[in-house]
Amino acid sequence: MQATVQAQPNIALIKYWGKRDAALNLPAAGSLSITLDALHTRTSVRFDDALADDDIVLNGKRDEAQTRRLGAFLDLFRTRAQVDTRAHVESTNDFPTGAGLASSASGFAALAVATDHALNTNLTPRELSILARRGSGSAARSIFGGFVEMAAGTRADGEDACATPLLDADEWPLAVVVAITTRAAKATSSRDGMEDSRRTSPFYRDWIATVHADLVDARAAVHARDFAKLVDTSEASCLTMHAVMLSTRPGLVYWNAATVDCIHRIREMRRTGTAVFFTIDAGPQVKAVCLPEHAEAVASALRDVHGVEEALVSGLGAGARIIEADG
Ligand code: 2P0
739 MQATVQAQPN IALIKYWGKR DAALNLPAAG SLSITLDALH TRTSVRFDDA LADDDIVLNG
799 KRDEAQTRRL GAFLDLFRTR AQVDTRAHVE STNDFPTGAG LASSASGFAA LAVATDHALN
859 TNLTPRELSI LARRGSGSAA RSIFGGFVEM AAGTRADGED ACATPLLDAD EWPLAVVVAI
919 TTRAAKATSS RDGMEDSRRT SPFYRDWIAT VHADLVDARA AVHARDFAKL VDTSEASCLT
979 MHAVMLSTRP GLVYWNAATV DCIHRIREMR RTGTAVFFTI DAGPQVKAVC LPEHAEAVAS
1039 ALRDVHGVEE ALVSGLGAGA RIIEADG
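In terms of this note's numbering, the sequence shown is residues 739 to 1065.
Pasting the structure below:
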């Protein structure tokens, strides 16, 4: 009845920003991501008949809103297993939480796999991805490692809105340099921000309409290991998403000055022959994707940018997996 799982965040190259159904957390369009190996979430789940309520500890703290959100997620599994037992959950990240580093992706992926094991529900990876999506859309992707594509699906029940692996991490071993420009949590969550964009951005429908062609391009680039093609499509997807964020009312400005300086620095490196591109999520951190042989030079250049607190180098990693279990 207990399991400990490790999962890693993923970084979308073709971005997810908008839902077709909020209740089932169905994305309005697909997305494509890479799972990292250097940032980790570890989550332990133990079901205990003696507990009257779920006991949920995230990074050493108990929080009422998070307990409700995770408790509702555990209910999805309890319903399947036809049990009512409450759980003790302990989860820690070795990187800043809620700061645009995809902590909800690794968090819900780890929780899904640990809960499945602890309750002996024996779900398939596809079923785990569908359930992880209910916790957080991007979590559906962290079930898998390497290059991953998330399908928006068309079904009203969301049973076709899940991720599938495209290439394993070692089939195209890219590196990602994560430039951390602040450790503070963001002011507007992705969930609230994307709903505000859907309601108010004049560019929202056009943005959703761009994603299909970007996915076709990026999928082909991944299968062909065509870095130059991935550069164009990924930067375009990122900047188009940020154009939607900026045109939301009130405008969502997730960037700071160092974010912008990192963009220029990365483009300058590309002009002088380094294979590197940037991507930025709902936060001010900049992720520079490059060939592994350029990772140290990219990290060193980004550390020199004023306002960059740290630049971490990561490879691509595996999907969510059990590291300890019994019961
Ligand atoms: C992504 N982001 O594709 C995009 C880019 C943020 C910007 O997936 O509401 O935390 O839980 O489904 O998964 C963040 O969205 O949102 C995200 P919910 P989630 O990586």
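C-beta atoms are modelled at their ideal positions from N, C-alpha and C, and glycine is treated no differently.
A distance criterion of 6 Å places the beta-carbon of residue 763 in contact range of ligand 1, judged by its closest non-hydrogen atom. Annotated as proximal: residue 880 and residue 773, with beta-carbon spacing under 7 Å. Residues close to ligand 1 by the beta carbon criterion (under 5 Å to any non-hydrogen atom) are, from first to last along the chain, 750, 753, 754, 769, 842, 874, 875, 876, 928, 929, 1019 and 1020. Take residue 978, set aside five residues on each side of it, and the residues of its chain with a beta-carbon closer than 7 Å to its own are 945 and 948, in chain order.
In this structure, DSSP gives residue 987 a state outside helix and strand, which the three-state scheme calls coil. Shown here, residue 928 sits in a helix according to DSSP, grouped into three states. With contact defined as three or more Cβ pairs closer than 8 Å, the region 752-772 and the region 820-836 are not in contact. Contact between residue 883 and residue 1057 holds: their C-beta atoms lie close to 4 Å from each other, under 8 Å. In the DSSP annotation of this structure, residue 1047 is not part of any beta strand (DSSP E), being labelled neither H nor E. Sorting 897, 839 and 1041 by C-alpha distance to the C-alpha of residue 866 places 897 at the top. According to the DSSP secondary-structure assignment, residue 901 is paired through a beta bridge with 888.
Distance from the CA of residue 1045 to the CA of residue 804, rounded to the nearest whole angstrom, comes to 31 Å.
Comparing alpha carbon positions, the residue from 1022, 1021, 1000 and 1023 closest to residue 1014 is 1000. With the rule of 3 Cβ pairs closer than 8 Å, the region 965-978 does not count as touching the region 773-788.
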